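So the sequences go chain by chain: A and B.
Read in order, the letters of the first sequence correspond to residues -4 to 188 in our numbering.
Read in order, the letters of the second sequence correspond to residues -4 to 188 in our numbering.
Number of protein chains: 2
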Amino acid sequence: MSKEHLSAFFHNSNLVSLSMAKELADRFEQKVIAKNHFLLTEDKIADEYLFLDKGYMRAFAFDIEGNEITTNFYAPGQIIFEVASFFNRTRSKENIQALTDCEGWFITYKQLNDLFHSLPEFREFGRSMLVKGFSELKTRMLSTITETAEERYATLLKTKPEIFQHAPLKNIATYLGITDTSLSRIRAALSKK
Amino acid sequence: MSKEHLSAFFHNSNLVSLSMAKELADRFEQKVIAKNHFLLTEDKIADEYLFLDKGYMRAFAFDIEGNEITTNFYAPGQIIFEVASFFNRTRSKENIQALTDCEGWFITYKQLNDLFHSLPEFREFGRSMLVKGFSELKTRMLSTITETAEERYATLLKTKPEIFQHAPLKNIATYLGITDTSLSRIRAALSKK
DNA sequence: ATCATTTCTTGTCATTTGGCAAGATGCCGC
DNA sequence: GCGGCATCTTGCCAAATGACAAGAAATGAT
């Protein structure tokens, strides 16, 4: 119920003073999402900029054949929002769904923009979140292109082990760009080693 | 030699008035890069925010085995900068190289930030560039995960045909995430159809 | 124009990954 | 606790892609 994590998150960015972090946190409202429910669904315009305090979420899109492809996983302590839809005010191509019961703090597009206008520090914070997301995606793109499925699996296991406690393997498989069958075999092969 | 393209580019974003577009363009300086020379090399801190007016460029990184992996192609009329290095002031993991003789217009990090502070419209423009890059990368990530190499090749051929006139196939192969051998076979197979 | 180097293609074979189906296991609602 | 559904594993075979090597074609330097 407390906004401690949220204001600490702002402050830890080193872009926002402690007092401003608290002021900022004051503007956020609570959001509770039950397991399997959605923060955002396809064709809607994303209007929530969410700090995830508890629980796990995933983003997914559909490919041409209509299969769900998991595009991202989110753990507590992260900002979640669909960048393109949120900033361009266009219909989202992605869905964001709770993998577990979730709690967090959000503001709307309008509120965010007002804060951006009035607080240069928060603007910097917003930019750094955007840049961080971009960099992570770039890293993932490179690893998808250069590494084998087994290597990508091992990396995920090392960097985000909690995901395996909260997401079904079929979601992890599409995130890694392989079928659940292949993932199962990779796991079997690695556990023998 | 004229900054027409540059100011038109600002104005066409619909975020910047015509007069401000011209004022903005005034702040940019000319940059000429000969074929095969670099806009940015690994381990340097990116300090140039470049509008490419003429010519083609590519970005590349090295994988674990030391192979060059092309991460992006740039055509005239695009903004080019290495996002993470530029905004975080960290050493770049990427190189940006001219595929042909190039000409463009640039400002430095400091100049860009000054403009961002004083001109909200330019800030919006900057954000929209960032969001655009992010969205494109997301689309590419999804297609890399869900489509076959042949489908990705066909898409690239349709969306960026000029690249094939200016980049060697081995660069295009690593961009698509395949070997030059496979790319050659895909081209052979498609030309038979 | 010539030579050297890089780029591109093609052949053979190995490896990775997928498709499909069957069975095993686990989880949820009643 | 039971039935049903989703999840995960495994077997068999096919398809996609890679590794390596040889040769052809294009390009660049002098």
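C-beta atoms are modelled at their ideal positions from N, C-alpha and C, and glycine is treated no differently.
Note that the structure is a prediction, hence the values are computed from the model and not measured.
Under DSSP, the beta strand (DSSP E) around residue i begins and ends at which residues?
{"i": "B:Val27", "result": "Glu24 to Ile28"}
{"i": "B:Tyr69", "result": "Glu63 to Tyr69"}
{"i": "B:Ala54", "result": "Met52 to Phe57"}
{"i": "A:Val42", "result": "It is Asp, not Val, that sits at residue 42 of chain A in the sequence shown. Unbroken run through A:Asp42: none, as it is neither H nor E."}
Once you ignore the five residues that flank residue i on each side, which residues in its own chain have a CB closer than 7 Å to its CB?
{"i": "B:Ile41", "result": "The residue you asked about is not Ile; residue 41 of chain B is Ala in the sequence shown. Correct list, in chain order: Leu35, Phe76, Glu77, Ser80, Phe81 and Ser87."}
{"i": "B:Glu116", "result": "Leu10, Val11 and Met15"}
{"i": "A:Leu225", "result": "The question about residue 225 of chain A has no answer here: the residues shown for chain A are numbered -4 through 188."}
{"i": "A:Thr150", "result": "Ser138"}
{"i": "A:Phe129", "result": "none"}
With DSSP collapsed to three states, give me the class of residue i.
{"i": "B:Ile181", "result": "helix"}
{"i": "B:Lys165", "result": "helix"}
{"i": "B:Ala3", "result": "helix"}
{"i": "B:Gly121", "result": "helix"}
{"i": "A:Lys153", "result": "helix"}
{"i": "A:Ala93", "result": "strand"}
{"i": "B:Leu10", "result": "coil"}
{"i": "B:Gly128", "result": "helix"}
{"i": "A:Arg86", "result": "strand"}
{"i": "B:Glu18", "result": "helix"}
{"i": "A:Lys213", "result": "In the structure as shown, chain A starts at -4 and stops at 188, and residue 213 of chain A therefore has no counterpart that could be examined."}
{"i": "A:Asp194", "result": "Because chain A in this structure spans residues -4 to 188, residue 194 of chain A falls outside the shown range and cannot be described."}
{"i": "A:Glu142", "result": "coil"}
{"i": "A:Glu98", "result": "strand"}
Of the choices the options, whose alpha-carbon is the least far from that of residue i?
{"i": "A:Leu1", "options": "A:Glu37, A:Ile59, A:Trp100 and A:Glu119", "result": "A:Trp100"}
{"i": "B:Tyr148", "options": "B:Met124, B:Arg180 and B:His161", "result": "B:Arg180"}
{"i": "B:Ser123", "options": "B:Ile74, B:Arg84, B:Gln160 and B:Gln25", "result": "B:Ile74"}
{"i": "A:Ile59", "options": "B:Asn166, B:Ala162 and B:Ser138", "result": "B:Ser138"}
{"i": "B:Leu19", "options": "B:Phe46, B:Thr150 and B:Thr134", "result": "B:Phe46"}
{"i": "A:Ala135", "options": "A:Tyr51, A:His161, A:Met15 and A:Phe68", "result": "Looking at the sequence itself, residue 135 of chain A is Arg, so the reference to Ala does not match. Ranking the options by Cα distance to A:Arg135, first place goes to A:Phe68."}
{"i": "B:Tyr51", "options": "B:Asn62, B:Pro71 and B:Ile64", "result": "B:Pro71"}
{"i": "A:Thr154", "options": "A:Ala184, A:Ala16, A:Glu131 and A:Asn166", "result": "A:Glu131"}
{"i": "B:Arg182", "options": "B:Glu157, B:Glu37, B:Ala162 and B:Ala144", "result": "B:Ala144"}
{"i": "B:Thr141", "options": "A:Thr95, A:Leu13, A:Glu43 and A:Leu171", "result": "A:Leu171"}
{"i": "B:Lys127", "options": "B:Ser8, B:Ala3, B:Glu(-1) and B:Ser(-3)", "result": "B:Ser8"}
{"i": "B:Ala16", "options": "B:Cys97, B:Tyr104, B:Glu119 and B:Glu63", "result": "B:Glu119"}
{"i": "A:Tyr104", "options": "A:Tyr44, A:Thr66 and A:Leu10", "result": "A:Tyr44"}
{"i": "A:Asn83", "options": "B:Ser(-3), B:Arg84, B:Gly61 and B:Leu125", "result": "B:Leu125"}
{"i": "B:Asp96", "options": "B:Lys133, B:Asp48, B:Glu63 and B:Thr85", "result": "B:Asp48"}
{"i": "B:Leu114", "options": "B:Ala184, B:Phe5 and B:Pro163", "result": "B:Phe5"}
{"i": "B:Lys165", "options": "B:Glu146, B:Thr66, B:Leu13 and B:Lys39", "result": "B:Thr66"}
{"i": "B:Lys39", "options": "B:Leu151, B:Thr85 and B:Phe129", "result": "B:Thr85"}
{"i": "A:Leu178", "options": "A:His161, A:Ala3 and A:Glu146", "result": "A:Glu146"}
{"i": "A:Ser186", "options": "A:Gln160, A:His161 and A:Leu152", "result": "A:Leu152"}
Who are the Cβ neighbours of residue i in its own chain at under 8 Å, not counting the five residues just before and after it?
{"i": "B:Gly121", "result": "Leu107 and Phe111"}
{"i": "B:Thr174", "result": "Ala168"}
{"i": "A:Glu24", "result": "Trp100, Phe101 and Ile102"}
{"i": "A:Ala93", "result": "Ile28, Ala29, Lys30, Asn31, His32, Phe33, Leu34, Gly50, Tyr51 and Met52"}
{"i": "B:Asn90", "result": "Phe33, Leu35, Thr36, Glu37, Ala54, Phe55 and Ala56"}
{"i": "B:Arg22", "result": "Ile102, Gln106 and Leu110"}
{"i": "B:Asn62", "result": "Thr169"}
{"i": "A:Ala184", "result": "Glu145"}
Can you name the start and end residues of the alpha helix (DSSP H) that residue i belongs to?
{"i": "B:Phe76", "result": "Per DSSP, B:Phe76 belongs to no alpha helix (DSSP H) and is neither H nor E."}
{"i": "A:Asp109", "result": "Tyr104 to Ser113"}
Under 7 Å from any heavy atom of the ligand NAP, does the C-beta of residue i make it?
{"i": "B:Thr36", "result": "The model depicted lacks the ligand NAP and carries no ligand whatsoever."}
Kindly list the residues whose CB is nearer than 6 Å to the CB of residue i, restricted to its own chain and excluding five residues on each side of it in sequence; keep chain order.
{"i": "A:Glu98", "result": "Val27, Asp48 and Lys49"}
{"i": "A:Lys(-2)", "result": "Ala20"}
{"i": "B:Ile158", "result": "Phe68"}
{"i": "A:Pro156", "result": "none"}
{"i": "B:Ala3", "result": "none"}
{"i": "B:His161", "result": "Tyr51, Leu94 and Thr95"}
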